[in-house]
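Protein chains in written order, with this note's numbering: chain A, 731 to 1015; chain B, 14 to 259. Glycine is no exception: its CB is placed at the ideal position from the N, C-alpha and C atoms. Please read all numbers here as calculations on a predicted model, not as lab measurements. Written out below as structure tokens is the structure these notes cover.
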């Protein structure tokens, strides 16, 4: 299975939200990384056939997804950024309803609903109304509904938003298990999640793809550009405003800055191994 | 379609409105009985005239408050994106919701009609039975059924287009209610065909839901109502295509 985004653009009036996006997705987890307003959600909405592109098209095995229609949606699981639900439905009722809309028979819908509620750790909350669930629990119902019907393509927009660290680890485990036989595209601001699960990362900035690489390849590109610099507290502002900092840590009378820079910021600066947060800061700050 | 009918049936508001309408009919029948105890014909005429006021208003409230809400609730709750990316979350769901709404409209007419019959029977003066006026009552009920289904379809298309339940209630509710008010207006006495008020009196489903055929220029209305429904359906389809919901 191959999902190809072919020269996709999206204009809102004269504003270009996406410009000439070209990327090809096979089985595996793809992370979509970019700051707010980069066009991540727009791209995901186009990929899920919720939004018509101004130019270009999305192809699944060579066929335009808008032509495939219901056949494409049969293979799709989608978790939107602002996941909405029927507040008076219980978690189980909501999943059963979505399962029926996905074309599952009653028995299969029931089986998958029970299995997914167990998987996301909500088996005991199955009878609770959605409006009574916490933000993180609702998000887990959102993840479960995306997985209903065992879709080949999973598009997850900010799936870990609102999840606590334990839930995020559980989510990563779920995605890792699924990645072998599915195409998963996920966007998140929590870059450590991407580092843990993504096979490739798509960097999106102002509606343009600036790079598509494996995480370690991207990190390799900024090797030698990350430094740790300890300065007195009164010098913090000077360095923090001059350089891109991925972390600032207070240590008594001094401050340890983690600086991402093409040149060494100071002779006492110590080169560090880059991580994904450094990468984010390097490309987007 | 069964799951959509179940969703309607699970709405407490639907049953509350239905129960309130029947209780209200009970009160009216009680006072009619007290007033016309010795004039059973009048009592019966009022019972058979149920759809003219209380019945048609109850049905319109059910349609506008409960039945058409299904066409905007996804947008209101934000569940629309999840639903529209499901395999059958577009065209099929739309048609199923329309079908379920029609079934519920028919069911509502049946329950209200039957409820009125039973209430009128039990409240009636001794020895009087509604069978004396059964034929006109059944006829008006059938007209209400036709009008009710038409009104539901038109209102649900409007709700689908505007994707806003309160706005749809206003757009469909005001013209509907205006038709009742025309009868108490001075202008009603000299109403001429194709005047604006004439149009508003007969052209908003109200007359049909009140259980009355429109006898003035009937040919025009035979064309108008199907065209109105088809036109609104076409608009709804157009908007859905534009929003990629079909």
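Problem - Whether residue 230 of chain B touches residue 213 of chain B by CB criterion (8 angstroms) - result: no
Exercise for the section: Would you check if the distance between the CB atom of residue 122 of chain B and the CB atom of residue 157 of chain B is smaller than 8 angstroms? Expected result: yes
Practice task
Might you give, ordered along the chain, the residues of its own chain that have their beta carbon closer than 6 angstroms to the beta carbon of residue 787 of chain A, omitting 5 neighbours on each side?
Solution key: 736, 794
Exercise for the section: Check whether the Cβ atoms of residue 78 of chain B and residue 30 of chain B sit closer than 8 angstroms, and answer yes or no. Expected result: yes
Practice task
Within the region 882-935 of chain A, note down every full beta strand (DSSP E) run reaching 3 residues or more, in order along the chain.
Solution key: 883-887, 913-917, 930-935
Problem - beta strand (DSSP E) runs contained entirely in the region 815-855 of chain A, provided each spans 3 or more residues - result: none
Exercise for the section: Closer than 6 angstroms by C-beta to residue 184 of chain B: which residues in its own chain qualify, once you throw out the five before and the five after it? Chain order, please. Expected result: Taken in chain order, the residues that qualify are 171.
Practice task
Could I get the ranges of all uninterrupted alpha helix (DSSP H) runs contained in the region 122-199 of chain B, with 4 residues as the minimum, in chain order?
Solution key: 147-175, 178-195, all fully within the region 122-199 of chain B.
Exercise for the section: Write down the C-beta distance between residue 1002 of chain A and residue 969 of chain A rounded to the nearest angstrom, noting that I regard them as a contact closer than 8 angstroms. Expected result: The pair is not a contact, with the Cβ atoms about 15 angstroms apart (cut-off 8 angstroms).
Exercise for the section: For residue 95 of chain B, decide whether its Cβ has a neighbour in chain A, counting only Cβ atoms nearer than 8 angstroms. Expected result: Chain A contact via Cβ: present.
Exercise for the section: Could you tell me whether any Cβ in chain A is nearer than 8 angstroms to the Cβ of residue 100 of chain B? Expected result: yes
Problem - Simplified DSSP assignment, three categories, for residue 254 of chain B - result: DSSP places residue 254 of chain B in helix when its eight states are reduced to three.
Problem - residue 1015 of chain A classed as buried or exposed, judged by whether at least 16 other C-beta atoms fall within 10 angstroms - result: exposed
Exercise for the section: Tell me whether the beta-carbon of residue 42 of chain B lies closer than 8 angstroms to the beta-carbon of residue 133 of chain B. Expected result: Yes.
Exercise for the section: Can you tell me which of the three DSSP states residue 981 of chain A falls into? Expected result: strand
Handout entry: Same chain, Cβ closer than 7 angstroms to residue 55 of chain B, neighbours up to 5 away in sequence not counted
Key = 49
Exercise for the section: Identify whether residue 988 of chain A lies in helix, strand or coil by the three-state DSSP scheme. Expected result: strand
Exercise for the section: Given a cut-off of 8 angstroms, decide if residue 955 of chain A and residue 909 of chain A are closer than it, judged by their beta-carbon atoms. Expected result: no
Problem - Option in A:841, A:837, A:810 with minimal Cα separation from residue 870 of chain A - result: A:810
Handout entry: Residue range of the unbroken alpha helix (DSSP H) whose run includes residue 221 of chain B
Key = Bounds of the alpha helix (DSSP H) holding residue 221 of chain B are 219-222.
Exercise for the section: May I ask you to list the residues that DSSP assigns as paired with residue 742 of chain A? Expected result: Beta-bridge pairing links residue 742 of chain A to A:745.
Problem - Proximity test, Cβ basis, 8 angstroms: residue 91 of chain B and chain A - result: By this cut-off, residue 91 of chain B is an interface position.
Practice task
Pull up the distance between the alpha-carbon of residue 155 of chain B and that of residue 220 of chain B, whole angstroms please.
Solution key: 13 angstroms
Handout entry: Near-chain B residues of the region 821-846 of chain A (beta-carbon distance less than 8 angstroms), N- to C-terminal order
Key = Flagged, chain order: 827, 828, 830, 831, 832, 833.
Handout entry: Whether residue 935 of chain A touches residue 747 of chain A by CB criterion (8 angstroms)
Key = Against a cut-off of 8 angstroms, the Cβ pair of residue 747 of chain A and residue 935 of chain A comes out as no contact.
Handout entry: DSSP-derived helix/strand/coil call for residue 1000 of chain A
Key = strand
Problem - As assigned by DSSP and simplified to three states, the class of residue 760 of chain A - result: strand
Practice task
Kindly list the residues whose CB is nearer than 7 angstroms to the CB of residue 855 of chain A, restricted to its own chain and excluding five residues on each side of it in sequence; keep chain order.
Solution key: Beyond the five residues adjoining it in sequence on each side, residue 855 of chain A comes within less than 7 angstroms, by CB distance, of 821, 863, 867 in the same chain, given in chain order.
Handout entry: Closer than 8 angstroms to chain B by CB, residue 893 of chain A
Key = no
Problem - is_contact[residue 16 of chain B, chain A] using C-beta, thresh 8 angstroms - result: yes
Exercise for the section: At 4 residues or longer, and completely inside the region 48-79 of chain B: list those alpha helix (DSSP H) runs for me, N to C. Expected result: 53-61, 67-74
Problem - As assigned by DSSP and simplified to three states, the class of residue 866 of chain A - result: helix
Handout entry: Stretch pair the region 872-882 of chain A + the region 823-834 of chain A: three plus CB contacts closer than 8 angstroms
Key = yes
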